[in-house]
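Q: Quick one: the structure is below, and I'll ask about it shortly.
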Amino acid sequence: MSRLNIELPGLSLKNPIMPASGCFGFGKEYSQFYDLSILGSIMIKATTYEARFGNPTPRVAETPAGMLNAIGLQNPGLQSVLENELPWLEQFDVPIIANVAGSQTEDYVEVAKQISKAPNVKALELNISCPNVKTGGIAFGTIPEVAHDLTKQVKQVSEVPVYVKLSPNVANIVDMAKAVEEAGADGLTMINTLLGMNIDIRTGKPILANRTGGLSGPAIKPVAVRMIYEVSQQVSIPIIGMGGIQSVDDMIEFFYAGASAVAIGTANFIDPFICQKLINELPNKLDELGFSHISELVGRSWKNHD
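Under the UniProt record's numbering, residues 1 to 306 are what the sequence shown spells out, in order.
Given below as structure tokens:
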């Protein structure tokens, strides 16, 4: 048995490392750099029922320790993903987590119902936390009762386990986690981006056309680690952690906090080989820290010290 393999609901991962949704598209560009079969999983770009062209430009801006984006869930739509993107990904030996988004409950339910039937989709990531769309997204991710109801309805139609992506832009993320767990969620992914803004000092206007955007990258890592630490002690379902991971040491923090697997987001834009590098470096880090299997790290920060 590999010391990196992880078993999660619906997912048998050869290693616990995957690219985060929104930062890897459908993998076509990155497949030019390495074999995508080495990845634990791929969280594909958010899919909505109808194609979306996203927000007006400019919609990406660098910050001193990360990136602001307001893409607005640009994607080719459900039918194109079913007919083109997912069949193309079948050439790789890697389970797919399909990120499902929408404007209203019916959108989420219909996308979940159809995309969960795709042969290589082994789990859904319910996107209730995108801060960059006016309808849907964050509207579902800030009220526990609303998130509970949406999760329950998606669970009723999905043929694969459902992971719910939580937003950090809430007063109490533990309440959100408990609400979706009670509704039947099989796992959590956290965290999504933090709402932020940059202003052009020459014009006095926001740099992004959307005015605000989601802050990602190393600036949000301490927030993500803290939230995973808090939530993992209050729920019984596994967490796939994300938020500013750039190095193998960053990953270790997420596992210690309570994540069972991790997703790499913004770092893919800086180094397209980052996932491959982290997969290669992880065994040596386990040796250095004295662990025989990656599962021994999960929740170590609170299991051993509280």
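Using N, Cα and C, we set each Cβ at its ideal position, and we do this for glycine too.
Keep in mind the model is a prediction, meaning the values are calculated, not measured.
1) Between the C-alpha atoms of S247 and L278, what's the straight-line distance to the nearest angstrom?
2) Helix, strand or coil for A112, going by three-state DSSP, please let me know.
3) Using a threshold of 9 Å, state whether the C-beta atoms of F24 and I42 are closer than that.
4) Is DSSP giving E145 helix, strand or coil here?
5) With a cut-off of 8 Å, do at least 3 Cβ pairs link the stretch 10-18 to the stretch 196-211?
6) Straight-line CA distance for I97 to G290?
7) Taking C-alpha atoms, which residue in F140, I71 and F33 lies nearest to P168?
8) Which residue wins for smallest C-alpha separation from P218, given the options T63, S2, L4 and K28?
9) In whole angstroms, what separates the C-alpha of E181 from that of V154?
10) Going by DSSP, which residues form a beta bridge with L11?
11) Starting from the N-terminal side, write out each stretch of the beta strand (DSSP E) that is 3 residues or longer and does not extend beyond the stretch 16-73.
12) For L215 versus L188, is the C-beta spacing smaller than 9 Å?
13) Starting from I240, follow the beta strand (DSSP E) in both directions and report where the run begins and ends.
14) Select from N268, K205 and V174 the residue whose C-alpha is nearest the C-alpha of I191.
15) Leaving out five residues on either side along the sequence, give the residues of the same chain with a beta carbon under 7 Å from the beta carbon of Q74.
16) Can you give the beta carbon distance from V100 to L82, rounded, assuming they're within the 8 Å contact cut?
17) What does L126 pair with, by DSSP beta-bridge criteria?
18) Need the endpoints of the beta strand (DSSP E) that I264 sits in, please.
19) Please classify P206: does DSSP put it in a helix, a strand, or coil?
20) What does the alpha-carbon distance come out to for the pair F269 and G196?
21) At which residues does the beta strand (DSSP E) containing S216 begin and terminate?
22) What residue range is occupied by the uninterrupted alpha helix (DSSP H) comprising L195?
23) According to the Cβ coordinates, are G243 and G265 closer than 9 Å?
24) Helix, strand or coil: how does DSSP classify I201 here?
25) Any chance the stretch 227-235 sits against the stretch 250-257, with 3 or more Cβ pairs inside 8 Å?
26) Assuming A179 and A224 make a contact with CB atoms under 8 Å, what is their CB distance in whole Å?
27) Cutting at 6 Å between CB atoms, please list the residues of its own chain near P238, excluding the five before and the five after it.
28) When you compare only the Cα positions, how much space is there between Y163 and G10?
A: On the basis of the data shown:
1) 7 Å
2) helix
3) yes
4) helix
5) no
6) 31 Å
7) F140
8) T63
9) 13 Å
10) L8
11) 17-19, 60-63 and 66-69
12) no
13) I239 to G241
14) V174
15) R52, F53 and G54
16) Actually they do not touch by this definition, with Cβ atoms about 13 Å apart.
17) V100 and V164
18) A261 to I264
19) strand
20) 19 Å
21) G213 to S216
22) No alpha helix (DSSP H) holds L195; the beta strand (DSSP E) holding it covers L194 to G196.
23) yes
24) coil
25) yes
26) Contact doesn't hold; Cβ gap of about 20 Å is too wide.
27) L8, G187 and S260
28) 10 Å
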